[in-house]
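Asks: Sending over a structure as structure tokens; questions will come in a sec.
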Amino acid sequence: MSELALAGRVVELVRSAAGPLAEAEVVVSHVAEALTRFANSAIHQNVADATTTVRLRLHHDGRTASGSTTRTDADGLQALVERTIAAARLTPPDTSWPGLTPPTALHPYEELDEATARATPEERAARVREFVAAAGGLETAGFCRTNYASAAFANTAGQAVEGRFAEAAMDGIGRANGADGVARLASGRLADIDGAVLGARAAAKARAGGQPIELPPGRYEVVLEPDAVADVLANMAAFGFNGKSFAQRQSFAELGAQQFDSAVTLLDEPIGGPGAPAPDLPFDTEGTPRASLTLVAEGTTVGITHDRSSAAQVGAVSTGHGSPASRGWGPYGTHLRLAPGPATPVGDATAGPTAESSRALVANMERGLLITDFWYTRVLDQKSLVITGLTRNGVWLVENGEVTAAVSNMRFTQSYPQALGPGTVLGIGGEAIMLPDRWSGVRYVAPAVHLTSWNLTGNASG
Amino acid sequence: MSGNHFDEACTAVQAALDAGARYADARVMLRRSEAMSARDGDIEDVSSVESAGIGVRALVGSSWGFYAVPDLSDSAARAAGRRAAQIAAASAMVPGPAIDLVPTGAGEAEWASPCEIDPLSVSLSTKGDLLVAATGAAKAAGADLAEGLLQVWDTRKWFVSSDGHRIDQHIRECGGGVWASAFGDGEIQRRSWPSHRGQYGTRGWELVDGLDLVENAPRMAEEARQLLTAPLCPSGETTLVLGDEQLALQIHESVGHAIELDRILGWEAAFAGTSWLDLDQLGTLRYGSDLMNITIDPTIPGALGSFGYDDEGTPAVKRDAVRNGRWVGVLAGRDSAAVAGLDYAGSVRADGWARLPMVRMTNVGLEPGPHTLDEIIAATDDGVFMDINRSWSIDDRRLNFQFGCEIGYEIKNGKRGRMLRNPTYTGIGPKFWRSMDMLSSEIVSWGTPNCGKGQPAQIGHTGHPAAPARFTNVRVGVRG
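Protein sequence lines correspond, in order, to chains H and G. Each residue of the first sequence is one higher than the one before, starting from 8 at the first, in my numbering. Each residue of the second sequence is one higher than the one before, starting from -6 at the first, in my numbering.
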């Protein structure tokens, strides 16, 4: 039975068990995840699973409950419907139920790559082998991943949609004399992932990271490479442009206000297209069609990500950011793209520590730090979005436009929107890199960014 | 689903062996979970999850493969076993060194966590009434935002291995908490009860009954509002007294993860990170002061990291990780222990049937010290008390940390003084632990229900016995 047929079957079960007035929405998703992981230059974990999950959200007699199951036989579906109806009956009234998505056509979206959807463990292992070989004897670690998903949505209001996506990613480090260098790439096509190129890139960074000096804490001019920029985008999306945070006045975002430098244009692009992150399903868990959404246009905040609940709270409409967690955690962008600056000559992609997107920016920096990546970033103050975290996978001192020394990792404590505020962006790289999610499920397309100031609050000594 | 599922697990293991594996294991798991959240006196979300499936691990030569499906039919179990072996064979395209598995004392067993009141038997209306009352009480007491959460997990596992394991476990977990926020001019202050994530354990609903959520919610709202106008935590080096809840997270981040053997061996180097610990120093390295005694103890009744057997079939055993300040033990699995030349495992678990078992914390925590919190404060002339975590960050070697807490107090001349807002502290793990000069006997086993690790991502449930303690010359008041 197809996912759409399965979703329709659950809608019918709800109607027959709870009557015609019950409102129900059903998502059926089949996800095949496969991830080949390597460490110490050998594959040490190699996993795959193929799981179909049925999720039901029900609003009945003014009360709401949801449930999910991996049991898709008749007994499993019947049990899901019965326990969700029973749960709804026992719960207190839901005064903020936002209603169902009416029948709405999907926006045109990028078709998946069938070869990626059918990728084998051998194809992933081959890329790992290339990565390891290209690192030229350095210790390596990382993963090569392929994902395929096929899903459908149906509700009692008549919305019925389906879609598929495939995604591939590789993320690895080379390790030399205590220094790590990283290279990451995501794509909708596994064929775009070249393990040799990434392995060489990671190794070049690692080799340039040896014998680091320790710098005192303080404010430094910085070039953030795409991996570090991705962290900035993820935190701003999760806490700033999040519709629930916005509705509850916990966000910095002010619609119509020039909150960022005019060089900053930020979008959420979940359904693919030129320059966009690898596409996702073309609808959210409430059945709302996904579409490109501009969050910041030339420095002005113009968009907030909403599901039906947060939208109802502020008199807006859903932007297609519903998820199983969005009613609790809030709806946030998961396919973020920071618009790149003017294109610049790239040169040798595997030479030295500087990524292609950073080279022109580094050349313009009189004295500052080139930062590859951020790690373990956490919110200290949500309203101003002050974040603490650490640098990772390579930091270098830049003097007169040249990298002059590797620097040991440092801790920072920095307001992200303030760092990108008006007058703070000295440049944005011309090449944006498609990067995989790391933990939160957020995908990115990010260039490097040159900023006037970043607040480094600690070094390796404390 | 009813009855046991050893047959399906046996089928999968045999299929993996037939396909070339020299070792295989399989876990059939049925997990039912329930979550309810509330905001400002209204229920916000109620959800229940039922997840059932089989995960198979196969070792071909020196290479592992893992495959999982939600189908428990005989044919699906057989196919999963074959597929796990095929994936292991692909791993051999980039092979590592020879792998052995330390013995576990294989056998047949069953185990269940202690439970007086089945959490799933408590009606949703009872749970809803509790959350509505708790968040309503916080709102009435002045919270701009009052939130509450209750969670329940009920897990059955049937584990079979080609070494002869047949283990049936039933683990019930639950917990929850209430949060009150006050909004100021460009600032938000939050207070949490009983901790920043709530409290969780492998116990029945009696755990939640004992949290007194409604009774404590108004005080959380009042303190959140007081924090808006409290003075900032001063910046500088001082004597720091930590409450037991914050110290539990300090242990989790700066000890628990650091002693994970997979990290020490570099198996997590590209993501979760490595460890500052070097196996050559096991048994000799001074981790902390003589007061520092940390155990790895999955046998603590009711603690969140407790079980009868880990997900490799190793029986739960209490071990030392740090004894009198010296590092003496690690969290290990059967393969990582063999690589490291150790003779014990027992700390491997998976987040459900669809995830690969990996080294995870169990209950990692402090043994009690000789003091009380009152004695510690009375013995402190000048310092800061902090408790209830607000933020946490630590580097990929588990050395350089920075924590923020919800609330702080001045300590002057042996007395607790003014409330302080936005307290933070930072340091380097071993230097910090070596400065611990007073430790309370008032141990609480805090549960951490959201420990992230692994790729694909896994969420682990861990426990951390902790008590208030004092640290000297700590840098506090770090700000952006």
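Just so you know, even glycine gets a beta-carbon here, dropped at the ideal spot from N, CA and C. This one's a predicted model, so the numbers in the text were calculated from it and none came from an experiment.
1. Output needed for G:G141: all residues of its chain with C-beta closer than 6 Å, excluding positions within five of it in sequence on either side, in chain order.
2. Leaving aside the five residues before and after G:A69 along the sequence, list all residues of the same chain whose C-beta is less than 6 Å from its C-beta, in chain order.
3. Quick check: the segment 258 to 265 of chain G against the segment 145 to 163 of chain H, are at least 3 beta-carbon pairs closer than 8 Å?
4. Interface residues of chain H around G:F176 at Cβ under 7 Å?
5. According to the neighbour-count rule (16 or more other Cβ atoms, all chains shown, within 10 Å of its Cβ), is H:N184 buried or exposed?
6. Apart from the five residues on each side of it in sequence, which residues of its chain come closer than 7 Å, Cβ to Cβ, to G:A347?
7. Output needed for H:D120: all residues of its chain with C-beta closer than 7 Å, excluding positions within five of it in sequence on either side, in chain order.
8. Indicate whether H:S422 and G:G470 have their beta-carbon atoms separated by less than 8 Å.
9. For H:G206, which residues from the same chain have a beta carbon less than 6 Å from its beta carbon, with the 5 sequence-adjacent residues on both sides left out?
10. Ignoring anything shorter than 3 residues or poking outside the segment 211 to 252 of chain H, list the beta strand (DSSP E) runs there in chain order.
11. Check each candidate in H:R418, H:T108 and H:L273 and name the one with the smallest Cα separation from H:V324.
12. If G:M29 sits next to G:L143, beta carbons under 8 Å apart, how far is it from one beta carbon to the other, in whole angstroms?
13. Span of the alpha helix (DSSP H) holding G:K424?
14. Please report whether the beta-carbon of G:G445 lies at a distance below 8 Å from any beta-carbon of chain H.
15. Check H:G188 in the structure and name its three-state DSSP category.
16. Taking 8 Å as the CB-CB cut-off, is H:A94 touching chain G?
17. Interface residues of chain B around G:T419 at Cβ under 8 Å?
18. Report the rounded CA-to-CA distance for G:R391 versus G:S66, giving the unit in angstroms.
19. Under a three-way DSSP split, which group does H:Q257 fall into?
20. Near G:A105, what residues of its chain come up, given a Cβ to Cβ distance below 6 Å and the 5 sequence neighbours on each side ignored?
21. Quick one: measure Cβ to Cβ for H:A93 and H:H67, integer angstroms, because I've assumed they're closer than 8 Å.
22. Does the distance from the C-beta atom of H:R78 to that of G:E27 stay below 8 Å?
23. In or out: H:P115 buried (at least 16 other Cβ within 10 Å) or exposed?
24. Are three or more beta carbon pairs between the segment 351 to 369 of chain G and the segment 446 to 457 of chain G nearer than 8 Å?
25. Quick check: what's the CA-CA separation for G:N415 versus H:W461?
26. For H:P284, which option in H:R344, H:G327 and H:A332 has the closest C-alpha, if you only look at C-alpha atoms?
27. In chain H, which residues lie with their C-beta within 7 Å of the C-beta of G:R472?
28. Give the straight-line distance between the Cα atoms of H:T43 and G:I370, rounded to the nearest whole angstrom.
29. Should H:L222 be flagged as near chain G, meaning a C-beta pair shorter than 8 Å?
30. Nearest chain H C-beta to G:F464 closer than 8 Å, yes or no?
31. Since G:Y402 meets chain H, which of its residues come closer than 9 Å, beta carbon to beta carbon?
32. Spatial neighbours of G:K120 within its chain, please: C-beta separation below 7 Å, excluding the five flanking residues on both sides.
33. Can you name the start and end residues of the beta strand (DSSP E) that G:S26 belongs to?
34. Have a look at G:D430, G:Q182 and G:A102 and flag the residue whose alpha-carbon is nearest the alpha-carbon of G:R159.
35. Under the rule that 16 or more other beta-carbon atoms within 10 Å means buried, what is G:Q243, buried or exposed?
36. Check whether the Cβ atoms of H:V35 and H:L65 sit closer than 8 Å, and answer yes or no.
Replies: A quick look at the data gives this:
1. Walking along the second sequence from the start, residue 141 of chain G turns up at place 148. Only A31, L124, A127, T128 and V171 meet the Cβ criterion.
2. Within the second sequence, the letter at position 76 stands for residue 69 of chain G. Only V62 meet the Cβ criterion.
3. yes
4. Position 183 of the second sequence, counting from 1, holds the residue named residue 176 of chain G. Neighbours of G:F176 on chain H, chain order: R256.
5. Here residue 184 of chain H corresponds to residue number 177 of the first sequence, with the count starting at 1. H:N184 comes out exposed.
6. In the second sequence, the residue the question calls residue 347 of chain G occupies position 354. So the qualifying residues of the chain are G46, G48 and A61.
7. The residue labelled residue 120 of chain H in the question sits at position 113 within the first sequence. The beta carbon of H:D120 is closer than 7 Å to those of A173, G195 and R196 in its chain, skipping five residues each way along the sequence.
8. In the first sequence, residue 422 of chain H corresponds to position 415, counting from 1. In the second sequence, residue 470 of chain G corresponds to position 477, counting from 1. Cβ atoms of H:S422 and G:G470: not closer than 8 Å.
9. For this step, residue 206 of chain H is matched to residue 199 along the first sequence. Cβ neighbours of H:G206 beyond the five flanking positions: F138, A141 and A142.
10. 225 to 231
11. Translated into positions along the first sequence, residue 324 of chain H becomes position 317. Per the Cα distances, H:T108.
12. For the purposes of this step, residue 29 of chain G is taken as residue 36 along the second sequence, with counting starting at 1. For the purposes of this step, residue 143 of chain G is taken as residue 150 along the second sequence, with counting starting at 1. Their Cβ separation, rounded to whole angstroms, is 5 Å, which keeps G:M29 and G:L143 in contact under 8 Å.
13. The residue given as residue 424 of chain G occupies position 431 in the second sequence. DSSP places G:K424 in the uninterrupted alpha helix (DSSP H) bounded by G422 to R427.
14. For the purposes of this step, residue 445 of chain G is taken as residue 452 along the second sequence, with counting starting at 1. Chain H, which has a Cβ nearer than 8 Å to the Cβ of G:G445, makes this yes.
15. If you number the first sequence from 1, residue 188 of chain H lands on position 181. Strand, per DSSP.
16. Along the first sequence, read from residue 1 onward, the residue named residue 94 of chain H stands at position 87. At least one chain G Cβ lies under 8 Å of H:A94.
17. The displayed structure is made up of protein chains H and G, and chain B is not among them.
18. Numbered from 1 along the second sequence, position 398 holds the residue referred to as residue 391 of chain G. Numbered from 1 along the second sequence, position 73 holds the residue referred to as residue 66 of chain G. When rounded, the distance between both Cα atoms is 44 Å.
19. Reading the first sequence from its first residue, position 250 is the one you call residue 257 of chain H. Coil at H:Q257, not helix or strand.
20. As a working mapping, residue 105 of chain G is identified with position 112 in the second sequence. Around G:A105: H163.
21. Here residue 93 of chain H refers to the residue found at position 86 when the first sequence is read from its first residue. Here residue 67 of chain H refers to the residue found at position 60 when the first sequence is read from its first residue. With a contact defined as Cβ atoms closer than 8 Å, H:A93 and H:H67 miss out at about 10 Å.
22. By one-based count along the first sequence, residue 78 of chain H stands at place 71. By one-based count along the second sequence, residue 27 of chain G stands at place 34. No. Outside cutoff.
23. Within the first sequence, the letter at position 108 stands for residue 115 of chain H. The residue in question, H:P115, is exposed, as its Cβ has fewer than 16 Cβ neighbours within 10 Å.
24. yes
25. The residue given as residue 415 of chain G occupies position 422 in the second sequence. The residue given as residue 461 of chain H occupies position 454 in the first sequence. The straight-line gap from Cα to Cα measures roughly 21 Å.
26. Looking up residue 284 of chain H in the first sequence gives position 277. Considering only alpha carbons, the answer is H:R344.
27. As a first step, residue 472 of chain G must be located in the second sequence, where it is residue number 479. Here the neighbours are T420.
28. Locating residue 43 of chain H in the first sequence gives position 36, counting from the first residue. Locating residue 370 of chain G in the second sequence gives position 377, counting from the first residue. C-alpha separation (whole angstroms): 52 Å.
29. Looking up residue 222 of chain H in the first sequence gives position 215. Answer no: the Cβ-Cβ gap between H:L222 and chain G never drops below 8 Å.
30. Translated into positions along the second sequence, residue 464 of chain G becomes position 471. Cβ-Cβ to chain H under 8 Å: no for G:F464.
31. Here residue 402 of chain G corresponds to residue number 409 of the second sequence, with the count starting at 1. Here the premise fails: no neighbours, minimum Cβ distance about 19 Å.
32. As a first step, residue 120 of chain G is located in the second sequence; it is residue number 127 there, counting from the start. M29 and L143, listed in sequence order.
33. Numbered from 1 along the second sequence, position 33 holds the residue referred to as residue 26 of chain G. Counting along the chain, the beta strand (DSSP E) containing G:S26 begins and ends at Y16 to R32.
34. Here residue 159 of chain G refers to the residue found at position 166 when the second sequence is read from its first residue. Of G:D430, G:Q182 and G:A102, the smallest CA-CA separation from G:R159 is found for G:A102.
35. Here residue 243 of chain G refers to the residue found at position 250 of the second sequence. The residue in question, G:Q243, is buried, as its Cβ has 16 or more Cβ neighbours within 10 Å.
36. Taking the first sequence and counting its residues from 1, one reaches residue 35 of chain H at position 28. Taking the first sequence and counting its residues from 1, one reaches residue 65 of chain H at position 58. No; because the gap between Cβ atoms is not below 8 Å, this pair is not in contact.
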